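Numbering (full-length UniProt numbering), first residue to last: 1 to 171. Note that beta-carbon positions come from the ideal geometry of N, C-alpha and C, so glycine has one too. As the structure is a prediction and not an experimental result, all values here were calculated from the model.
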Amino acid sequence: MKTPAPETFEGQILALLPSLRRYSRSLTRSDADGEDLLQDCVEKVLTRRGQWRGLNLRGWVLTIMTNLYRNGRRGKARDSLVELDAAVELAAPEVSADPQERARLDDALNSLSEEHRAVLMLVVIEGYTYGEVAAALDIPIGTVMSRLSRARQRVAERLKADNIITLRRPR
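Right, dumping it as structure tokens:
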């Protein structure tokens, strides 16, 4: 099968897959459920391609994924299994390869509410702007900023004793 050219719609979606995979796994807290959400999202994006207005494809796809996740959660009980390994593929050099430190970081991220974790993952890990996150999650920019601040504070408190990572984007 031939790989789509990067400038095509399919090529742009293909380029977004790693970021979408991390985000889906951070939302669902599960590799398997994250893959299901990713597949549902890509299927919907491809079938609703005509609805895209030609602006900010990344934001449009992220909004679809967030809405699919929210709609799927309405009828389900919260899953007690936590599996965030794939979602915490941090590129930051401060993250240690030490399994104990990685486990502490996973625990700290998993302690956040879904709303706080989603904002933190999108801004800090994926590099989205506040405006992009606000549009994708359908919340005001001020809410993005406050959730991000609270998420950073809570994670920092959990990691403070170990001094594992700072949650600031490089400037």
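Sort the options by Cα distance to residue i and report the nearest one.
i           : options                          : result
Asp40       : Arg53, Ser19 and Asn67           : Asn67
residue 203 : Ser146, Leu14 and Val123         : The question about residue 203 has no answer here: the residues shown for the chain are numbered 1 through 171.
Phe9        : Pro18, Tyr69 and Gly50           : Gly50
Glu115      : Leu46, Val133 and Val45          : Val133
Asp36       : Ser146, Met65 and Pro99          : Met65
Leu14       : Ser30, Val42 and Arg29           : Val42
Ile125      : Ser146, Ala151 and Leu38         : Ala151
Lys44       : Ala103, Ile139, Glu157 and Trp60 : Trp60
Less than 9 Å between the C-beta atoms of residue i and residue j, yes or no?
i           : j      : result
Arg53       : Leu16  : no
Val155      : Ser113 : no
Leu120      : Leu159 : no
Gly34       : Arg21  : yes
Ile141      : Gly127 : no
Ala135      : Tyr23  : no
Thr63       : Leu148 : no
residue 175 : Tyr69  : This structure does not reach residue 175, given that the chain is present from 1 up to 171, and the question cannot be answered.
If we require 3 or more residues per run, which beta strand (DSSP E) segments fall completely within the UniProt domain "PhyR sigma2" (13-65)? none
In the segment 112-158, which residue ranges form an unbroken alpha helix (DSSP H) of at least 4 residues, counting only runs that do not cross its ends? 114-120 and 130-137
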